[in-house]
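Report on one structure; see the data block that follows.
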Amino acid sequence: MSAHAPQEAPFTAARLTEPAVVRDPYPFYDLLRDAAPVFGYLDYPPGTVPGVDRPQPAWVVLSYADVQRVAFDHETFSSRDTLQEASSAPSLMLVNHDRPEHTRLRRIASLAFTPGAVQALAPAVRNLVRATLDTLLAGRPDGAAVDVMDGYCDVLPARVMALMLGVPQDRAAEIRRWATAFMLSADLEPAERQACNHAVMAFYTAHVDQRLAELAAGAPRSDSLLDAFILTEVEGERLTRDEVIRFCMTATVAGAETTSFLLGNLFTVLADEPAAWAALQQDVSRFGAVYDETMRLHGPPQRLFRIATRDVTIGPAEIRAGDWVACFFGAANHDPETFPEPRRFRLDRPNSHRHMSLGHGIHRCLGAPLARLEAGQTALELLARCDRLGRADTRGLDWQGVSLLNHGPASNRIAFWRKPA
Numbered sequence: 038m039s040a041h042a043p044q045e046a047p048f049t050a051a052r053l054t055e056p057a058v059v060r061d062p063y064p065f066y067d068l069l070r071d072a073a074p075v076f077g078y079l080d081y082p083p084g085t086v087p088g089v090d091r092p093q094p095a096w097v098v099l100s101y102a103d104v105q106r107v108a109f110d111h112e113t114f115s116s117r118d119t120l121q122e123a124s125s126a127p128s129l130m131l132v133n134h135d136r137p138e139h140t141r142l143r144r145i146a147s148l149a150f151t152p153g154a155v156q157a158l159a160p161a162v163r164n165l166v167r168a169t170l171d172t173l174l175a176g177r178p179d180g181a182a183v184d185v186m187d188g189y190c191d192v193l194p195a196r197v198m199a200l201m202l203g204v205p206q207d208r209a210a211e212i213r214r215w216a217t218a219f220m221l222s223a224d225l226e227p228a229e230r231q232a233c234n235h236a237v238m239a240f241y242t243a244h245v246d247q248r249l250a251e252l253a254a255g256a257p258r259s260d261s262l263l264d265a266f267i268l269t270e271v272e273g274e275r276l277t278r279d280e281v282i283r284f285c286m287t288a289t290v291a292g293a294e295t296t297s298f299l300l301g302n303l304f305t306v307l308a309d310e311p312a313a314w315a316a317l318q319q320d321v322s323r324f325g326a327v328y329d330e331t332m333r334l335h336g337p338p339q340r341l342f343r344i345a346t347r348d349v350t351i352g353p354a355e356i357r358a359g360d361w362v363a364c365f366f367g368a369a370n371h372d373p374e375t376f377p378e379p380r381r382f383r384l385d386r387p388n389s390h391r392h393m394s395l396g397h398g399i400h401r402c403l404g405a406p407l408a409r410l411e412a413g414q415t416a417l418e419l420l421a422r423c424d425r426l427g428r429a430d431t432r433g434l435d436w437q438g439v440s441l442l443n444h445g446p447a448s449n450r451i452a453f454w455r456k457p458a
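Here the working numbering is used: the first residue of the sequence shown is 38, the next is one more, and so on.
Shown next as C-alpha cells:
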C-alpha cells in the first residue's frame, strides 16, 4: 500500500444506523467496544416517527458488565421516554415506567400474565401453529424454498395476540402492520407511520370500551388477557381504562413484532446449525439449550434507551444528568469476555441462559413465557413433520436493515424435507 494512500475513517457511534450495520451489527460493536461508552448515537425509540420527531444524541453502552449495570440501576437510569411521550404514539406500559409506578403496574399485570395462564394457552397456540404451518407448506414439494417470514413468522404471533386479546382473527394482519410501524422495522413514510399509530390506539380504545360495556352488562369473564387486564385486582386496585388500553398496545407491539423476529431467528438456527436440529431430534428436552443460545446469538432486541437521572461515570465516560444512554443488549450477548467465541452457535455453552435479550432487573420481559411457548410449539411441530430444514438457494437469508430495535430476517427462504407418510 502506498504511504500516501488515504486512511479509512474510524468507525463512530453515529454510523450504527447505517443499513449495512443494522443487518449485521456485531462486527461494528466490536470496533467500538474497547472505547465504549462512546457518544454520538442518534436513533429513534419505539413509536416515534423518523422525519417528524428528532432523536437525542446518546451514549452507546456495549459490554456485558456495563449493559447489565445500566439495565439494573433503574434509579440512576430512567426508563421514562420523553421523546416517545411527545410523539404521535402513547408511552408503552412498564417498558417506559419507573418506580413506584412501575411496581404498581407490574404487580397487577404479572397476576394477569402468569406463566400458568400462558401455559393454559398451549393447546390453542398449538392449533394456530399447525394451521399456519399447513398453509405455509401446502402444495410445496420437498426441498422447495419458502419465505418463512412472510408465510409464518409474520403471521403466527399476530394470530396469538389476537387470540389472547379477544380480537377477531381476521384483524391479525392489521395487528402485525401496526406493530411493525410502531417498532420501526419497516421503511415507511412518516404519514403512514403516524396513521398506524393513530389506528392502533383507536382500535384498542373501541375494543376495550366494548368489553368494559359487556362486562358491566353481566357478561361472564373469559380466559382472555384483556379480561385479566380489566378485572385483576391487587389490594383493591385495578388498572384504569387508559392503562388497559395501553397494555393492549404494549402486548401487541412486543408480541406481534419482536416475537416474529424471534421465530425467524429460530428458523435460521434450525436450518443453518446442524447441531441444533440433530440435538432436538435426539432429545426434544434440549430445546431449552437451543432456545437460549438462539436468543444469545440472534436475540431480536438490540437496544433500548435510558436517561441518566444524575451524573455518573462508566469506564472513561462522564455521563451527565439528562444524557441519553443506549443500552445495547445485542452487543452484551456478543461480549467475548462473557461469551467466548460469540459468533459461534454452541449448544455446550454453559452460560447461554445469561443472555440479555429479555432485559434485566425490574424490566425483564413480562411476555417471555409466551414467546418461548410459541417458539417451543413451532419446534415441536416441525420435528413432527420434517426430517430436516435447510437452504435451497443462495438467496436464502436477508437481514432487515431498517432499525436496531430488533434484529432478524426481512426474508428467510427455507426448504423443508418432510418425513415419509
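Just so it is clear, CB atoms sit at the ideal spot from N, CA and C, and this is done for glycine as well.
On a predicted model such as this, the values are computed, not experimentally measured, just so you know.
In the three-state reduction of the DSSP assignment, C364 falls in the strand class, which pools E and B.
Taken through DSSP and simplified to helix, strand or coil, N234 comes out as helix. Collapsing the DSSP output to three states places C402 in coil. The secondary-structure analysis by DSSP pairs I351 across a beta bridge with A354.
About 3 Å separates the Cβ atoms of A149 and A265, confirming a contact at the 8 Å cut-off.
Rounded to the nearest angstrom, the gap between the Cα atoms of L307 and P257 is 43 Å. With respect to the C-alpha of A288, the residue from G153, A405, T54 and R163 having the closest C-alpha is A405. Note on the region 247-298: whole alpha helix (DSSP H) runs with a minimum of 4 residues are 262-268 and 278-290, in chain order.
Taking the Cβ atoms as the reference, D67 lies roughly 36 Å from W454, outside the contact range of under 8 Å. For G180, there is no enclosing beta strand (DSSP E), as DSSP marks it with neither H nor E. For A313, there is no enclosing beta strand (DSSP E); the residue is part of the alpha helix (DSSP H) that begins and ends at P311 to Q319. Distance from the CA of T331 to the CA of P337, rounded to the nearest whole angstrom, comes to 10 Å. Taking each of R136, E112 and M198 in turn and checking the Cα distance to V349, the smallest one comes out for E112. Between F376 and R323, the CB-CB gap reaches or exceeds 9 Å.
Closest in alpha carbon position to P446, among E211, A312 and D184, is D184. With respect to N449, C233 sits apart: the two C-beta atoms are not nearer than 9 Å.
If you draw a 10 Å sphere on the C-beta of R136, you find fewer than 16 other C-beta atoms in it, and that means exposed.
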